[in-house]
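Following: one structure in structure tokens, then a few remarks.
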Amino acid sequence: MSIKPFAQNPSPFANLLQLISRRLRTRDYHSNLVKNVNIAPLRETRNRRSERWIVAGWLLIAVKSVAMWWLIKTYNVPIHPMWLIGPTVGFGLLATSLYIWRD
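Everything in the sequence shown is counted per the numbering used here, starting at 366 for the first residue and increasing by one.
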């Protein structure tokens with residue numbers, strides 16, 4: 366394998382006239398054709414069963430929230446009900462948003 370001297374191997378440099386005139390060489394017409402197309406995979410369809418579980422979970426959160434509020438007010442527990450309801454609703458929102466915006 367012989368290595369040509371730098372002056373004899375001008376291929377790494379672009380043709381300055383071609384660069385200025387913005388013309389393509391005629392033998393490079395294949396370089397403008399599409400060589401590869403990548404198609405993103407289709408998004409997974411929504412699972413009705415999972416959505417029913419999410420709705421059931423939100424109904425349980427609503428029932429728990431109302432029950433906790435009533436119990437704390439009825440029995441004069443010295444905490445605010447949102448200390449118990451807030452994290453439940455927050456994690457419910459997190460789980461639901463992860464399901465909705467999943468990839």
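By construction, the Cβ of each residue, glycine as well, lies at the ideal position given by its N, Cα and C atoms. Remember, predicted model here, so these are calculated numbers, not experimental data.
Quick check: G457 and I437, are their CB atoms within less than 9 Å of each other?
In this structure, I437 does not lie closer than 9 Å to G457 by Cβ.
Relative to the C-alpha of S462, which residue among P443, W423 and V428 is closest?
The shortest Cα separation from S462 among P443, W423 and V428 belongs to W423.
Let me know the secondary structure DSSP gives T439 once reduced to three states.
Assigned with DSSP and collapsed to three states, T439 falls in helix.
If you drop the 5 nearest sequence neighbours on each side, which residues of the same chain put their C-beta closer than 7 Å to that of A421?
Hits under 7 Å: none found.
Rounded to a whole number of angstroms, what is the C-alpha to C-alpha distance between T453 and I404?
Taking the CA atoms as reference points, T453 sits about 40 Å from I404.
Look at the alpha carbon of L407 and the alpha carbon of T439, and state the distance between them as a whole number of angstroms.
Taking the straight line joining both Cα atoms gives about 52 Å.
Let me know the secondary structure DSSP gives P452 once reduced to three states.
In the structure shown, P452 falls within a helical segment according to DSSP collapsed to helix, strand and coil.
Go ahead and pull the three-state DSSP assignment for A405.
Three-state DSSP puts A405 in coil, outside helix and strand.
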